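In terms of our numbering, the sequence shown is residues 36 to 345.
Built from N, CA and C at the ideal position, the CB exists for glycine as well.
All of these numbers come straight from a predicted model, not from anything done at the bench.
Shown next, in structure tokens, is the structure this report addresses.
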Amino acid sequence: MLIKVLGSAAGGGFPQLNCNCRNCADARLGKPGLHPRTQSSLAISRDGQTWVLLNASPDLRQQVGAPPELAPHAQAGVRSSPIKAVVLTNGDVDHIAGLLSLREGLAFTLYASERVLGALIANSVFDVLDRRLVPRVPLSIGKPTELAHFGMSLGLSMEAFAVPGKVALYLEDPTAGRTLGAREGDTIGLGISDPATGAGFFYIPGCAAIDAVLAERLRGAALVLFDGTLYSDDEMIAQGLSTKTGKRMGHISMSGRDGSIAAFRALDVKRRIFVHINNSNPVLRQDSLERAEAERAGWEVAFDGMEIHL
Ligand SMILES: [Zn+2]
């Protein structure tokens with residue numbers, strides 16, 4: 036199985052167009068040790084010929100223009116794409132807006148939870164995707180799904196599972212109290228495997244906490260790509276960027292007693308990679324103490340164009 040990190044940044048990308056935080060300002064100046072990043076998406080393939088996108092970011096057009104494997108193949112018809120399916124892990128704008136760039140008569144199968152499909156149905160702009168070309172397939176939580184496109188197997192099996200999280204910002208119901216109206220399926224993780232080889236990995240770009248159930252699921256895994264939005268829970272407040280903590284945004288932070296670095300310490304995960312990294316996060320600076328701390332704990336920081344062969 037091939038995994039390509041198309042976009043390693045969180046919503047807004049890096050640098051973010053309206054952000055003048057230290058990271059964004061330095062990235063804009065081209066200072067060494069800071070690399071621009073597009074918004075959150077992976078591409079995966081069993082055979083290198085047909086591809087599945089995990090999330091469709093607003094930067095999709097730029098992302099699929101870069102690797103030649105994702106461009107129309109030379110022998111294919113005048114209109115074609117090797118992208119045969121898209122899987123969504125939540126309804127966040129940085130994960131769904133790219134669907135609108137896939138509207139030019141492209142046929143692909145769209146997988147998401149019932150909750151996220153409901154959000155698409157409620158936004159009629161997504162009707163631009165012709166249902167005859169883009170069937171919407173609800174993902175059962177906790178049950179493996181064989182990825183396929185109009186009866187053609189894509190050779191990959193996927194299990195969606197609920198993770199602690201939050202409803203997308205634009206769907207928040209402030210009258211619902213602390214949960215903001217979140218329900219099962221608002222945020223999912225994916226376990227993806229190749230039944231032919233047994234290789235597999237977990238993709239969890241948004242996660243509010245690592246509870247006992249999630250910890251047991253991940254224990255001993257070969258590879259986890261995990262939510263790396265913030266280093267510290269109050270990082271955006273401290274930098275004057277927002278009034279929200281990571282917890283309020285539904286993202287666990289890397290550091291701290293209940294952070295992801297600490298939580299993974301006892302899980303024996305062979306390879307762990309942070310994705311969905313916010314532009315405020317100091318791990319984006321290659322020479323930062325925070326980057327060194329994450330790497331010392333065995334973590335890698337994803338970058339656009341990163342390739343993993345399983
Ligand atoms: Zn910034």
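For aspartate 165, the closest of Ala142, Trp334, Glu149 and Gly153 by C-alpha to C-alpha distance is Ala142. Within 7 Å of the C-beta of serine 323 there is not a single heavy atom belonging to ligand 1. A distance below 6 Å between beta-carbons, with the five flanking residues on each side excluded, links aspartate 94 to the following residues of its chain, in chain order: Gly42, Thr73 and Gln74.
If you keep only unbroken alpha helix (DSSP H) runs of at least 4 residues inside the segment 100-155, you get 128-131. In the structure shown, the three-state DSSP call for leucine 164 is coil. Per DSSP, proline 240 has no beta bridge partner at all.
Distances taken from the Cβ of glutamine 51 to the heavy atoms of ligand 1 include one shorter than 7 Å. Contact between isoleucine 245 and serine 277 is ruled out by a C-beta separation of about 23 Å, above the 8 Å threshold. In this structure, the C-beta of asparagine 158 stays at least 7 Å away from each heavy atom of ligand 1. Here glycine 220 is near isoleucine 176, since their CB atoms are less than 8 Å apart. Cβ-Cβ distances below 6 Å link leucine 89 to Leu77, Val122 and Tyr238 in the same chain, with the five nearest sequence neighbours on each side left out; the list follows chain order. Here the alpha carbon of glycine 235 sits roughly 13 Å from the alpha carbon of arginine 307. Ranked by Cα distance from valine 259, the options Ser92, Ala250 and Glu207 are led by Ala250. Exposed is the label assigned to methionine 187, since fewer than 16 other Cβ atoms lie within 10 Å of its Cβ.
In this chain, lysine 201 is not harboured by any beta strand (DSSP E), its DSSP state being neither H nor E. In the DSSP assignment, arginine 96 forms no beta bridge with any residue. Between tryptophan 86 and alanine 120, the alpha-carbon positions lie close to 7 Å from each other.
For serine 315, the shortest C-beta to heavy atom distance toward ligand 1 is below 7 Å. Between the segment 64-71 and the segment 314-322, the count of C-beta pairs closer than 8 Å reaches three or more; the two stretches touch.
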